[in-house]
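*Asks:* Okay, so the sequence shown: first residue is 1 according to UniProt numbering, each after it adds one. Using N, Cα and C, we set each Cβ at its ideal position, and we do this for glycine too.
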Amino acid sequence: MLITHEVACGRLSLGPPVAVIDIGSNSVRLVVYEAISRSPTPMFNEKALCGLGRNVATTGRLDFDAVEKALAALKRFRALCDVLRVEQVHVLATAAARDAANGQEFIERAREICRTDIELLSGKREAKLAALGVIAGTYRPSGVVGDLGGGSLEFADIHGHKVGTGVTLPLGGLALQDVSAKSLKKAERIVRDALAGITQLEALPGRTFYAVGGTWRSLAKLHMSQRGYPLHVMHGYTLPVREALEFCRLVQRVDASTLSKIEVVSDARRALLAYGALVLEHIIRVGKPAEVTVSALGVREGLLFSLLPEAEQHRDPLLVAAGDLNALRSRSPRHGYELAEWSDRFMASTGIDESAEETRLRRAACLLADIGWRAHPDYRGEQSLNIIAHAAFVGLDHTARAFMALAVYFRHAGLSEDALSPALRELASPGMLDHARILGATMRVGYLVSAAMPGILPRAPLEVVQGKLVLRLEGDLADLAGERLMGRLRTLAKLIGREPVIAAG
Numbered sequence: 001m002l003i004t005h006e007v008a009c010g011r012l013s014l015g016p017p018v019a020v021i022d023i024g025s026n027s028v029r030l031v032v033y034e035a036i037s038r039s040p041t042p043m044f045n046e047k048a049l050c051g052l053g054r055n056v057a058t059t060g061r062l063d064f065d066a067v068e069k070a071l072a073a074l075k076r077f078r079a080l081c082d083v084l085r086v087e088q089v090h091v092l093a094t095a096a097a098r099d100a101a102n103g104q105e106f107i108e109r110a111r112e113i114c115r116t117d118i119e120l121l122s123g124k125r126e127a128k129l130a131a132l133g134v135i136a137g138t139y140r141p142s143g144v145v146g147d148l149g150g151g152s153l154e155f156a157d158i159h160g161h162k163v164g165t166g167v168t169l170p171l172g173g174l175a176l177q178d179v180s181a182k183s184l185k186k187a188e189r190i191v192r193d194a195l196a197g198i199t200q201l202e203a204l205p206g207r208t209f210y211a212v213g214g215t216w217r218s219l220a221k222l223h224m225s226q227r228g229y230p231l232h233v234m235h236g237y238t239l240p241v242r243e244a245l246e247f248c249r250l251v252q253r254v255d256a257s258t259l260s261k262i263e264v265v266s267d268a269r270r271a272l273l274a275y276g277a278l279v280l281e282h283i284i285r286v287g288k289p290a291e292v293t294v295s296a297l298g299v300r301e302g303l304l305f306s307l308l309p310e311a312e313q314h315r316d317p318l319l320v321a322a323g324d325l326n327a328l329r330s331r332s333p334r335h336g337y338e339l340a341e342w343s344d345r346f347m348a349s350t351g352i353d354e355s356a357e358e359t360r361l362r363r364a365a366c367l368l369a370d371i372g373w374r375a376h377p378d379y380r381g382e383q384s385l386n387i388i389a390h391a392a393f394v395g396l397d398h399t400a401r402a403f404m405a406l407a408v409y410f411r412h413a414g415l416s417e418d419a420l421s422p423a424l425r426e427l428a429s430p431g432m433l434d435h436a437r438i439l440g441a442t443m444r445v446g447y448l449v450s451a452a453m454p455g456i457l458p459r460a461p462l463e464v465v466q467g468k469l470v471l472r473l474e475g476d477l478a479d480l481a482g483e484r485l486m487g488r489l490r491t492l493a494k495l496i497g498r499e500p501v502i503a504a505g
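1. Opposite residue 44 in the DSSP bridges: which residues?
2. Could you tell me the alpha carbon to alpha carbon distance between residue 367 and residue 444, rounded to whole angstroms?
3. Thinking just about the alpha-carbon of each residue, which of 18, 332, 144, 406 is nearest to the one in residue 456?
4. Would you decide whether residue 476 is buried or exposed? Buried here means 16 or more other CB atoms lie within 10 Å of its CB.
5. Give me the Cα-Cα distance between residue 502 and residue 446, rounded to the nearest whole angstrom.
6. With DSSP as the reference, identify every bridge partner of residue 500, one or two as the case may be.
7. Let's test the definition: count the other Cβ atoms within 10 Å of the Cβ of residue 157 and tell me whether it reaches 16, buried, or not, exposed.
8. If you check the beta carbons only, do residue 518 and residue 152 fall under 8 angstroms apart?
9. Check whether chain D comes within 8 angstroms of residue 359, counting only Cβ atoms and requiring the distance to be less than that.
10. What distance in whole Å lies between the Cβ atoms of residue 397 and residue 236, which are believed to be in contact at a cut-off of 8 angstroms?
11. Here's a check: name, in chain order, each residue in its chain whose Cβ is nearer than 7 angstroms to the Cβ of residue 494, leaving out the five neighbours to either side.
12. Is the beta carbon of residue 144 less than 8 angstroms from the beta carbon of residue 239?
13. Note down the Cα distance separating residue 437 from residue 377, rounded to an integer number of angstroms.
14. Tell me whether residue 5 sits in a helix, a strand or coil according to DSSP, three-state version.
15. Since I believe residue 129 is in contact with residue 12 (beta carbons under 8 angstroms), could you give me their beta-carbon distance rounded to a whole number of angstroms?
16. Would you kindly check if the distance between the Cβ of residue 274 and the Cβ of residue 148 is under 8 angstroms?
17. Mind checking who residue 93 pairs with in its DSSP beta bridge?
18. Buried or exposed for residue 2, going by 16 or more other Cβ atoms inside 10 Å?
19. Using three-state DSSP, classify residue 556 as helix, strand or coil.
20. Look at the alpha carbon of residue 486 and the alpha carbon of residue 460, and state the distance between them as a whole number of angstroms.
21. In chain order, which beta strand (DSSP E) runs of at least 3 residues are fully inside the stretch 412-494?
22. Assuming residue 365 and residue 280 are in contact, meaning their beta carbons sit under 8 angstroms apart, how far apart are those beta carbons, in whole angstroms?
23. I'd like to check one pair, residue 283 with residue 209: are the Cβ atoms closer than 8 angstroms?
24. With a threshold of 8 angstroms, are at least 3 pairs of Cβ atoms found where one atom belongs to the stretch 222-234 and the other to the stretch 303-322?
25. On the DSSP bridge list, what partners appear for residue 240?
26. Could you tell me which residues DSSP puts in a beta bridge with residue 233?
So, in C-alpha cells, the structure goes:
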C-alpha cells in the first residue's frame, strides 16, 4: 500500500502536540492534545488510579505502594509522550505531594522519570487553573468553580474571564474518608465546619456552581444514566438544585453497589461517591446556587488556556471548534463561512426575533452543515446529528447541542421529525426546534444553489423583500433555477409565511 502522507490529513496544522501530566491525589493522568489552541482536542488520554492521597491526612506521608504505582504510571506516560513526538510536556502535582512530608522526595523521583520540571501547585494556583479551565470551556460563565480532588477542594469565583481569589480546603474524597475513619456522620461535621464562612460561597446565591473533578463527574454520569438521558456528554450537563440535592442524599443513604446503573462508575471511584455527594449537598445548602453544571475541563485545560495570547483567549471556543471540524470534513471550508454570512442576511430580512445566542449557534451550525457529505445519502442526516450531538465541543450547553444537531439533520434529511429520537428532540424548546427547522430549510436552499462550492452564495442573495421571499440568480447563475430549487424555496417560504420568488436572469 502506497503511503502518500507523513502527517494525517485528519489533523490540523496548529503546531506540535502538547502533553499535560496531572499527578493528583487519587489519579495520575496523561492527556496529549493536538496542539495548544483555543479549542484543544485530546489525541490520547489515559489515567491510573494510584491513590497517592490515601492516608496522607492521618499519617502525613505518601503510601509506599501508591508511590510505586504512580511512578510506574509516569514511566509509561513519558514513553507515550516520546511515541507521540510530544515536544512540550507539562507536569503538575497537587494536594497529596503538596501536603505529604515525603512529597518532595516523590517529586524528585518523578522529575527524573518525566525528564522535565514538575510544578507543585499551591492551593490558590490550583484553584485559579481550575477556574481558567471552566472559563476555557464555558461561554460567558458566571458563578463559582469547585474542583474536588482526592486530597482537597478548591473554590474560585469567576465572571467572564475574571477570576477571583481562590481558596483550598482539605475536603477531597480520600482526605475525608481518612480523617473521618470512613464515618459519613463524622465527615458531615467536618464538611459543615469547613464550609462555614467561605467567601466564595457567599457570592454563589442564584448563580451557577461549576463542578470539576472525577468524583463529581462520576456522580453526574450515574445521575445521567439513571435518567436515561439522551446525550452521553458530560461537559455542560446541568442539574437543577432540587434534583441535585435529592440525588446527593440518595447516594449517601444507600450502599453504592445497590444503586441503579452503578456499573457506569468504575469500582475504584464508587467508594468516594458518598463523600463527593456529601460535599456537594453542603455546598448547595450553604451557597444556594441556581443550578449545578458539570465541567469536563479543569486544571489541565486551564494551564493550556493560560499559555494562549490574550486575543486568542477571547475567541469563541464553539466557533473555533466548529471551524476546525469544518476544515477537516467539509467539501469547502470557505463555503461554511459564506453560508453563515448568507444566512445572516436572510435572517435580518425576515424580522424573525433572533437572540445573540441563537445567532451564534446558527453560525456554528452553518460551519458544520457539510461535515457528513462522505456518508451514504440516506444516512448523512443521522451521521451529522450524531457527530454534532456527541462532539468534544465546549462553550455550549446541551440544548444548544440539540439545536445545532437538529438543524443540520433537517438540512440533509428534510423537515420531517418521524425518524428523530424523541428524547433528543425534547432537549430543544419548541422555539428552538422551530428555529432549527427554519435554519435547516434555509441550508437546503443554499446547498442546491451552491453545490457546496465557494464563491456562489455571495452572488445569490436570499432576502425577504416587500413581503416576498426572493432568491436572486443573476448573470451566469440564472440557469441554476429549476423546479427542485423552487420546491425547497417554497418550503422555506411557508415556514416564515412569505410568497417565494426566484428572480433569475
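*Replies:* Let me spell this out:
1. Position 44 of the sequence shown, counting from 1, holds the residue named residue 44. According to DSSP, which records beta bridges pairwise, residue 44 is partnered with 32.
2. Indexing the sequence shown from 1 puts residue 367 at position 367. Indexing the sequence shown from 1 puts residue 444 at position 444. Approximately 14 angstroms between the Cα atoms of the pair.
3. Here residue 456 corresponds to residue number 456 of the sequence shown, with the count starting at 1. Nearest C-alpha to residue 456: 332.
4. Your numbering for residue 476 matches position 476 in the sequence shown. Classification of residue 476: exposed, given that the 10 Å Cβ count is below 16.
5. Against the sequence shown, residue 502 aligns to sequence position 502. Against the sequence shown, residue 446 aligns to sequence position 446. The alpha-carbon atoms of residue 502 and residue 446 are separated by roughly 13 angstroms.
6. As a working mapping, residue 500 is identified with position 500 in the sequence shown. 469.
7. Within the sequence shown, the letter at position 157 stands for residue 157. By the neighbour-count rule (16 or more Cβ atoms within 10 Å), residue 157 is buried.
8. This structure does not reach residue 518, given that the chain is present from 1 up to 505, and the question cannot be answered.
9. The chain inventory of the structure shown lacks chain D, comprising one protein chain alone.
10. As a first step, residue 236 must be located in the sequence shown, where it is residue number 236. As a first step, residue 397 must be located in the sequence shown, where it is residue number 397. With a Cβ gap of about 5 angstroms, residue 236 and residue 397 count as contacting.
11. As a first step, residue 494 must be located in the sequence shown, where it is residue number 494. Closer than 7 angstroms at Cβ, skipping near neighbours: no residue.
12. On the sequence shown, position 144 is the one that residue 144 refers to. On the sequence shown, position 239 is the one that residue 239 refers to. Cβ atoms of residue 144 and residue 239: not closer than 8 angstroms.
13. Numbered from 1 along the sequence shown, position 437 holds the residue referred to as residue 437. Numbered from 1 along the sequence shown, position 377 holds the residue referred to as residue 377. In a straight line, the C-alpha of residue 437 is about 19 angstroms away from that of residue 377.
14. For the purposes of this step, residue 5 is identified with residue 5 of the sequence shown, where counting begins at 1. Because the pLDDT of residue 5 is 47, which lies under 50, any placement of that residue in the model is unreliable, and the question is left without a value.
15. As a working mapping, residue 12 is identified with position 12 in the sequence shown. As a working mapping, residue 129 is identified with position 129 in the sequence shown. 25 angstroms between Cβ atoms; not a contact.
16. In the sequence shown, counting from the first residue as 1, residue 148 sits at position 148. In the sequence shown, counting from the first residue as 1, residue 274 sits at position 274. For residue 148 and residue 274, no; Cβs fall outside 8 angstroms.
17. Counting from 1 along the sequence shown, the entry for residue 93 is found at position 93. According to DSSP, which records beta bridges pairwise, residue 93 is partnered with 23, 120.
18. Here residue 2 corresponds to residue number 2 of the sequence shown, with the count starting at 1. Reliability fails at residue 2, whose pLDDT of 47 lies under 50, so the model's placement of it is uncertain and no value is given.
19. A question about residue 556 goes unanswered here, because the residues of the chain that appear run from 1 up to 505.
20. By 1-based counting over the sequence shown, the position of residue 486 is 486. By 1-based counting over the sequence shown, the position of residue 460 is 460. The straight-line gap from Cα to Cα measures roughly 14 angstroms.
21. 462-465, 468-473
22. The residue labelled residue 365 in the question sits at position 365 within the sequence shown. The residue labelled residue 280 in the question sits at position 280 within the sequence shown. Not really, about 34 angstroms apart at Cβ, beyond 8 angstroms.
23. Within the sequence shown, residue 209 is the residue found at index 209, counting from 1. Within the sequence shown, residue 283 is the residue found at index 283, counting from 1. Yes; because the gap between Cβ atoms is below 8 angstroms, this pair is in contact.
24. no
25. Start at 1 with the first residue of the sequence shown, and residue 240 comes out as number 240. Bridge partners of residue 240: 291.
26. For the purposes of this step, residue 233 is taken as residue 233 along the sequence shown, with counting starting at 1. BP columns for residue 233 are empty, so no partner.
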